[in-house]
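Step one of this worksheet: look at the structure below.
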Amino acid sequence: MTTRPHRPSHPTWPHALLDTSGHDPVPFRQFVLKVHSRCNLDCTYCYLYRGRDHSWRERPVRVPGRTVRHTAARIAEHVRTHGLDDIRIELHGGEPLLAGPAPVLAYARAVREAVPAGCRVTATVQSNGTRLTAPTLDLLAGAGIRVGLSLDGGRAAHNARRVDHAGRPAWPAARAAALRLAAHPASYAGILCTIDLRADPVDVYRSLLELRPPGVDFLLPHANWGHPPPGLDPRRPGRHRPGPTPYGDWLTGVFDVWWDESRLRTRIRLFQEIVALLLGAPSGAEAVGLSPVAAVVIETDGAIEQVDSLRSAYEGAAETGFDVFRHSFDLALRHPGVVARQLGSRALAPECLDCPVGTVCGGGNYVHRYAPGSGFRHPSVYCADLERIVRHVARRLERTAAEGDGV
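With my numbering applied, the sequence shown covers 10 to 416.
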């Protein structure tokens, strides 16, 4: 276990002002296992390697076998304690395939062998695609490990920000990986796509369809009130109406094309979540809704941490102070940062509680609510954008119902 050289300076909420009375922790079901702490790409918008938190420099480049064994044992302990019958493991980096498929296969095997026989383990590796050769895909498929790709669209121009450390484009290798996965649909987990306002939304969507993913997650760039996203000017935390909605406009452009297809050709999780929430179903993702987050990260040095996206807020934001060698995951469930992301409406800002779309938006991604000093009890920096897309989807649902076409 690497000794941390500093203690993070946490904001007042949730670390000093959180009220946990009556809270019943929700056990972790998603375990993000870091296989490699480095990346062969140098994407210009990367919040991890170009952001405010540089703790990755202090961690082992590859996950040691000792960390793998202790992590598998801790996961099995958590499964037995809470009687879980299924969990997900997400094998991440950096780029998890930088050392080849062997470490990924070994990590997944260790977890599957450790958990009780009645627990199903769904395994996915999230890759930039540059190291996904045909033999590697065959090995992963044989082990029942699906592959998710990170792309910014389905054309070279969309992926101009995704380059290696020498400035060479990652697109040719990534495209080959996408086509390879399209030919093996059972191994294809889908595509994560970070929104770039400079790219035409419909072109991005249609170009991704050409790669035949089973699903697409459109992600808002990780940003907050102290560091606003591209295209939005700095302003004080709050619910600003009226206000510019460039990301909401981008998403509505994609939604209309997606909704109007003769059949929905691929899953877009954000849209499906919003539709479900408007129809009264619970959410299943952190981007919208109020369902408790049940994910935890294990770094290559065995540190138990919160989701990586917190690193975009401030240095040390993801740290819990726990590790798999000395602590159970149940201890991490009591960490104020974890509790805050499981409290639902109790963690929302007053503006969100009074907002007519607040229960659908759910305050947006927890990370995007951060303001330096005060912390995470604010509306999302994308507040206006989220309201724009939620109201747009609601109107389309109403129109569809009025036309008698069903949903």
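Virtual Cβ for every residue (Gly too), placed ideally from N, Cα, C.
**Asked** Helix or strand or just coil, what does DSSP make of His45?
**Response** Within the sequence shown, numbered from 1, the residue matching residue 45 stands at position 36. In this structure, His45 counts as strand in the three-state DSSP scheme.
**Prompt:** When the Cα atoms are used, what is the spatial distance from Gly289 to Ser300?
**Reply:** Along the sequence shown, read from residue 1 onward, the residue named residue 289 stands at position 280. Along the sequence shown, read from residue 1 onward, the residue named residue 300 stands at position 291. Within the model, the alpha-carbon separation for Gly289 versus Ser300 is close to 13 angstroms.
**Prompt:** What is the rounded straight-line gap between the Cα of Pro238 and the Cα of Glu122?
**Reply:** Translated into positions along the sequence shown, residue 238 becomes position 229. Translated into positions along the sequence shown, residue 122 becomes position 113. Looking at the two C-alpha atoms, the distance is approximately 43 angstroms.
**Prompt:** Per DSSP, Ala132 forms a beta bridge with which residues?
**Reply:** Along the sequence shown, read from residue 1 onward, the residue named residue 132 stands at position 123. Ile98, Ile154.
**Prompt:** Could you give the distance in angstroms between the alpha-carbon of Gly103 and the alpha-carbon of Val134?
**Reply:** Here residue 103 corresponds to residue number 94 of the sequence shown, with the count starting at 1. Here residue 134 corresponds to residue number 125 of the sequence shown, with the count starting at 1. Distance between the alpha carbons of Gly103 and Val134 is about 11 angstroms.
**Asked** What is the DSSP secondary structure of Gln2, reduced to helix, strand or coil?
**Response** Nothing can be reported for residue 2, as the shown portion of the chain is limited to 10 through 416.
**Request:** In angstroms with no decimal places, state the Cα-to-Cα distance between Ala85 and Pro17.
**Result:** Here residue 85 refers to the residue found at position 76 of the sequence shown. Here residue 17 refers to the residue found at position 8 of the sequence shown. Using only the alpha carbons, I get a separation of about 30 angstroms.
**Asked** What does DSSP give as the partner residues of Gly199 in its beta bridges?
**Response** Mapped onto the sequence shown, residue 199 falls at position 190. Answer is Gly157, bridged to Gly199.
**Asked** Whose C-beta lies closer than 6 angstroms to the C-beta of Arg155 among residues of the same chain, with five residues either side of it excluded?
**Response** The residue given as residue 155 occupies position 146 in the sequence shown. By the criterion of a C-beta distance shorter than 6 angstroms, Arg155 is surrounded in its chain by Thr133, Ser196, Ala198, once the five residues flanking it on both sides are discounted.
**Item:** Assigned exposure category for Ser30 - 16 Cβ within 10 Å defines buried
**Value:** As a working note, residue 30 is residue 21 in the sequence shown. Flag for Ser30 reads exposed.
**Asked** Would a C-beta distance cut-off of 8 angstroms place His231 and Ser321 closer than the cut-off?
**Response** Against the sequence shown, residue 231 aligns to sequence position 222. Against the sequence shown, residue 321 aligns to sequence position 312. In contact: His231 and Ser321 (Cβ atoms closer than 8 angstroms).
**Cα-Cα separation, Leu190 to Pro251** = Stepping through the sequence shown from its first residue, residue 190 is reached at position 181. Stepping through the sequence shown from its first residue, residue 251 is reached at position 242. The straight-line gap from Cα to Cα measures roughly 43 angstroms.
**Request:** Take the Cβ of Ser318 as the centre, count every other Cβ of all protein chains shown within 10 Å, and call the residue buried at 16 or more, exposed below.
**Result:** Translated into the one-based positions of the sequence shown, residue 318 becomes position 309. Per the 10 Å Cβ criterion, buried.
**Message:** Spatial neighbours of Leu426 within its chain, please: C-beta separation below 7 angstroms, excluding the five flanking residues on both sides.
**Reply:** Beyond the ends of the chain as shown, which are 10 and 416, falls residue 426; an answer cannot be given.
**Prompt:** According to DSSP, what are the bridge partners of Gly384?
**Reply:** The residue labelled residue 384 in the question sits at position 375 within the sequence shown. Under DSSP, Gly384 takes part in a beta bridge, and its partners are Trp22, Ala380.
**Request:** Could you tell me how far apart the beta carbons of Asp394 and Tyr214 are, in whole angstroms, since I believe they sit closer than 8 angstroms?
**Result:** For the purposes of this step, residue 394 is taken as the residue at position 385 of the sequence shown. For the purposes of this step, residue 214 is taken as the residue at position 205 of the sequence shown. Incorrect: roughly 17 angstroms between the Cβ atoms, too far for contact.
**Prompt:** Is Arg215 helix, strand or coil by DSSP?
**Reply:** Counting from 1 along the sequence shown, the entry for residue 215 is found at position 206. In this structure, Arg215 counts as helix in the three-state DSSP scheme.
**Item:** Residue nearest to Arg343 in terms of C-alpha spacing, selected from Phe334, Ala303, Gly371
**Value:** Position 334 of the sequence shown, counting from 1, holds the residue named residue 343. Closest in C-alpha terms to Arg343, from the list Phe334, Ala303, Gly371, comes Ala303.
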